[in-house]
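In our numbering, the protein residues as written are 1 to 115.
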């Protein structure tokens, strides 16, 4: 069920990015050369003489999940912060090495809907 929500969020990001003419690509292979991990979306940002590519990866976090419960109890938004830290640890260095900014996208849920 977690992947169901994850894929909906990823697909919405893809659709909005395509509408904005940002040339999104879903789970591109070989985008980050220093790892076999694939970010959920890479898009092209236009804002200067050269386009900038941005990597995004979606996380579905729940304050009820055992991995996030302690962080959620300590500070407001703790589950989201913990999930973001995990994503940056997984993709941040590889994205920077490839010359891409990295953005972790957190979707906080109180319960994961069944399909």
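Glycine included, C-beta positions come from ideal geometry on N, C-alpha and C.
Since this is a predicted model, take the numbers as computed values, not measurements.
Of the candidates 50, 37 and 46, the residue whose Cα lies closest to the Cα of residue 24 is 46. In this structure, residue 41 places its C-beta atom within 8 Å of the C-beta atom of residue 10. The Cβ atoms of residue 56 and residue 8 lie no closer than 8 Å to each other. Residue environment analysis places residue 34 among the exposed positions, since fewer than 16 neighbouring C-beta atoms fall within 10 angstroms of its C-beta. In the structure shown, residue 42 adopts extended strand secondary structure according to DSSP, grouped into three states.
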